[in-house]
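*Asks:* Have a look at this one before I ask anything.
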Amino acid sequence: RVQAQEAEDPTFRSSTLGMVNVPFVAVLSVPVAGLAAHTLLRFIVHAEAEESESVFGPILEFVTTPQAVMDATSSSQALVVRAADESEVTLPELLAPRHPPSNPPLQSAFAAKMLLTSSELHVTTVLMDSIGPEAPLNHHNMGNIIRFFQYEPATGDVGLVVEDLKESRFTNLIPRQFLECLAVERADDVDQAKLDLQAFLSVKKDRVDGGFYNQILQTIQEEGEYNLTKLWLEDRLVRRKEYLSKLRKNVQFLVQRDKQKLYFKASVDKKTDDLKFVPVNLHVEDMLVGPQEAFVNEAKLRSSQEVRTYDFTTVGAMAAHCYKFKQGGLMTLQAKLAKLQAKQSATDLPWDEQSRHIDDLSWDISMRRDVCISQALTAVVASFVRKVEMAVQHPDPHVGEAMLLQWSEIGFLFQVESLLSTHGNEIGMIEDMSVALDALSRVSFRLVDTKDKPNSRFSFRKKAVTSTSDDGVVQKVQVTELPQPSPYKYTVTLQVQCGDFDLPKRLTRGGQVAVCPVLFTQGINEMQTIANNTERAKTELQDVINMKYLRQLEGYAKAYGQWGVRGAVVPASRDDVDVHKLLGSLRVSIEEAANSLVKTKRTEILTKSSDVSRQMGGGRVTICKS
């Protein structure tokens, strides 16, 4: 439907409140997933007047993006696109001055600038059933859980603890947006595989004259190697095409899950191929602690200075369960690849056996990284969004502003607490997580206040994608890939409904929030007891990881100390705690664990790292294998 404001011409006047509705039907099949970056979809509306001799000339141009189409589909809303203005129009007929003396109705109805800028195109989007998986998985929304606990403090009135556990609404959205970016990159891999195959087929190597029998032997050897390499390159191209096709189907599948409000991936589905990019068991949890009278109603709770909110994110291991762990995790595979590349010798033969083996291993690592990074990215978005909501809704606006200012200047600390043991498959899970978290250092966040957001050339008038907050503080989240050479590979833009709250100037000017990921791991179950007693070499993995991320945490703490407003971002009950003393105690525990001849469970590493991270306003994530 094209909706346009009526012109001044009385012959085209309508009785529908000054608006003209022009209904028409056009069915389009557009592969919106995996298109090239910055792809635009343009709709050209043609029309003719009865008095005109010209047939269906263009009158309006509308522009939108594949992302807007996917968002409209996932929210079951019509896609609304406004007409392009003069700076966006690409058709010469629409740019040139119009003087159609034989076409006065069209000129009066559509040529007016006011009418052009107010026209809207309403598009109903339908997901093709043949694109998605044949049968949707049997998932159920597990819902939210709220529990209350009462306690009696030594002094004062009765206290109350409220545990609020919610599924994250970004469980499908972030993987889907990540896959849309990834599909572009993997399409380039397909193109490169085609070029490699064509280049190999076009190569003709000159034979060295070594006698009749030597030439026969050389011909046999070359034909055998040639055919083997040719088959491998053809299979290489097929594998990349199949992977790209699966990515595009997965995008459609995640759209369907959002439409059905399936935000939960159960542990039993951690090896399911269609859900491999979705994090397992992702929840956002708040623990509210305060006097009982502060919980009388919502208004009093929000304004109370006595209630403390402790936020957590819980999720299963960010690992490629679908690819299993027979060959280890990403750390083992990357070490193996580096070793092979170091031994690789120069050769005149294109794609010799050693080169083929290295390429196959590199591709396996890439697919595994895709899965792990998608899960890690979703977890950090869920954690950061909750932190932004807490900052904007903080009873003391100065504290909320200080939180945002800190993140904009020294980055967002993302602390992951792993309970996995160094036994069996869990070793591979830890390795996958470590590599995925390292990749988050190339992710940044941008905050845009919706009340200050300038009018873009697109009008997406659809139901907002809200966060886990009932107030909808974060109205929309968008993952985009940045052009190189940028220090960040992906940026996540949050459209924030701030109300009377003002974002720091650095953020309003487009400043980005870096991510500082840290991981501390310590097995706590009976499998860790077995590992401590029988597998010392494997147990050292957690010592290596803890020491590595301790250095990163110390670097963040140094920047935090120099920033100089520690007291504004931590709970008042912890104001007397020195971050550097906590860090010193954590270092002692990690070094003692690494140097100990008899391995034991050092659970204090988890508590101390969590305390120091929360002290500096970081996001807290707890992970088990499922």
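Count the sequence shown with the numbering used here and you get residues -3 to 622, in order. For glycine and all other residues, C-beta sits at the position ideal for the given N, C-alpha and C.
#1: Excluding sequence positions up to five away, which residues of its chain have a Cβ less than 6 Å from the Cβ of Y484?
#2: For V157, which residues from the same chain have a beta carbon less than 6 Å from its beta carbon, with the 5 sequence-adjacent residues on both sides left out?
#3: Would you mind giving the Cβ-Cβ distance between L436 and T374, rounded to the nearest angstrom? I have them listed as a contact below 8 Å.
#4: I'd like to know if the stretch 351 to 370 and the stretch 163 to 182 are in contact, where contact means that at least 3 CB-CB pairs between them fall below 8 Å.
#5: Under three-state DSSP, which class holds P391?
#6: CB I354 to CB Q337, shorter than 8 Å?
#7: Can you give the Cα-Cα distance for K257 and L415, rounded to whole angstroms?
#8: Got a sec? Which residues, its chain only, sit under 6 Å from M523 by beta carbon, not counting five neighbours each side?
#9: Would you call S592 buried or exposed, if buried means 16 or more other Cβ atoms sit within 10 Å of its Cβ?
#10: Short of 8 Å in beta carbon distance, which residues of its chain neighbour K597, apart from the five on each side in sequence? Order them along the chain.
#11: By Cβ distance below 8 Å, which residues in the same chain neighbour V492 in space, the five residues on each side in sequence not counted?
#12: Going along the chain, which residues of its own chain have a beta-carbon closer than 7 Å to the beta-carbon of A358, five neighbours each way excluded?
#13: In chain order, what residues of the same chain have a beta carbon less than 8 Å from the beta carbon of A295, not counting five sequence neighbours either side?
#14: DSSP on A510, reduced to helix/strand/coil?
#15: May I ask you to verify whether the stretch 304 to 315 touches the stretch 186 to 197, counting CB pairs closer than 8 Å and requiring at least 3?
#16: Alpha carbon to alpha carbon, how far is Y306 from H390?
#17: For R610, which option in L117, V594, F321 and L549 has the closest C-alpha, if you only look at C-alpha atoms?
#18: Checking the sheet assignment: what are the DSSP bridge partners for P54?
#19: In this structure, what does DSSP give as the bridge partners for H279?
#20: Using a threshold of 8 Å, state whether the C-beta atoms of G614 and F308 are closer than that.
#21: On the criterion of 16 or more Cβ atoms from any shown chain inside 10 Å, does G396 qualify as buried, or is it exposed?
#22: Which complete alpha helix (DSSP H) runs does the stretch 293 to 365 hold, if anything under 4 residues is left out?
#23: Would you kindly work out how many angstroms separate the C-alpha atoms of R502 and E116, rounded to a whole number?
#24: At the level of alpha carbons, what is the spacing between S300 and V41?
#25: Nearest by alpha-carbon distance to A64: which of Q474, W403, D356 and F291 is it?
#26: Report the option in V608, Y556 and I141 whose CA atom is closest to the CA atom of G580.
#27: To the nearest whole angstrom, what separates the beta carbons of L271 and K255, a pair I think is in contact under 8 Å?
#28: Could you tell me which of K554, G152, T61 and M425 sits nearest to K322, measuring between CA atoms?
#29: Please confirm whether S606 and A378 have their CB atoms less than 8 Å apart.
#30: Mind checking who T618 pairs with in its DSSP beta bridge?
#31: What did DSSP end up calling L75 once you bin it into helix, strand or coil?
#32: Quick check on DSSP: helix, strand or coil for K266?
#33: Have a look at L578 and V292 and give me their C-alpha separation to the nearest angstrom.
#34: Buried or exposed, going by whether 16 or more other CB atoms sit within 10 Å of the CB of L90?
#35: Once you ignore the five residues that flank C620 on each side, which residues in its own chain have a CB closer than 6 Å to its CB?
#36: Should E57 go down as buried or exposed, given a rule of 16 or more other Cβ atoms within 10 Å for buried?
*Replies:* On the basis of the coordinates in this document:
#1: So the qualifying residues of the chain are R438, S440 and L478.
#2: The beta carbon of V157 is closer than 6 Å to those of F145 and V285 in its chain, skipping five residues each way along the sequence.
#3: That belief does not hold up - the Cβ atoms of L436 and T374 are roughly 11 Å apart, past 8 Å.
#4: Here the stretch 351 to 370 makes contact with the stretch 163 to 182; the two share three or more CB pairs at distances below 8 Å.
#5: P391: coil per DSSP, three-state reduction.
#6: A contact, by the Cβ cut-off of 8 Å.
#7: So the alpha carbons of these two residues sit roughly 30 Å apart.
#8: Sequence-distant Cβ neighbours of M523 in its own chain, meaning closer than 6 Å and more than five residues away, are S417 and H419.
#9: The residue in question, S592, is exposed, as its Cβ has fewer than 16 Cβ neighbours within 10 Å.
#10: Excluding the 5 residues flanking it on each side, K597 has same chain C-beta neighbours closer than 8 Å at Q518, G519, I520, Q524, T525 and N528, in chain order.
#11: Listed in chain order, the non-local C-beta contacts of V492 below 8 Å within the same chain comprise V384, V388, L443, V444, D445, T446, V469, V470, Q471 and L499, local neighbours out to five positions each way being set aside.
#12: Checking the sequence, you will find Ser at residue 358 rather than Ala. Result list for S358: L333, in chain order.
#13: Answer for A295: no residue qualifies.
#14: DSSP places A510 in strand when its eight states are reduced to three.
#15: Too few Cβ pairs lie closer than 8 Å, so no.
#16: Roughly 13 Å between the two C-alpha positions.
#17: Residue L549 holds the alpha-carbon nearest to the alpha-carbon of R610 among L117, V594, F321 and L549.
#18: Its beta-bridge partners are H42.
#19: Per DSSP, E163 and T310.
#20: The Cβ atoms of G614 and F308 lie no closer than 8 Å to each other.
#21: Looking at its Cβ environment, which holds 16 or more other Cβ atoms inside 10 Å, G396 is buried.
#22: Within the stretch 293 to 365, the complete alpha helix (DSSP H) runs of at least 4 residues are 294 to 299 and 326 to 339.
#23: Approximately 35 Å between the Cα atoms of the pair.
#24: Distance from the CA of S300 to the CA of V41, rounded to the nearest whole angstrom, comes to 56 Å.
#25: The shortest C-alpha separation from A64 is found at Q474.
#26: Comparing alpha carbon positions, the residue from V608, Y556 and I141 closest to G580 is V608.
#27: At roughly 16 Å, the Cβ-Cβ gap does not stay under 8 Å, so L271 and K255 are not in contact.
#28: K322 has its Cα closest to that of M425, out of K554, G152, T61 and M425.
#29: Between S606 and A378, the gap from beta carbon to beta carbon reaches 8 Å or more.
#30: Beta-bridge partners assigned by DSSP to T618: T310 and E413.
#31: L75: strand per DSSP, three-state reduction.
#32: Of the three classes helix, strand and coil, the one that applies to K266 here is coil, per DSSP.
#33: Rounded to whole angstroms, L578 to V292 spans 36 Å at the Cα level.
#34: Under this definition L90 is a buried residue.
#35: Closer than 6 Å at the Cβ level, and outside the excluded window around C620, lie L415.
#36: By the 10 Å Cβ count, E57 comes out buried.
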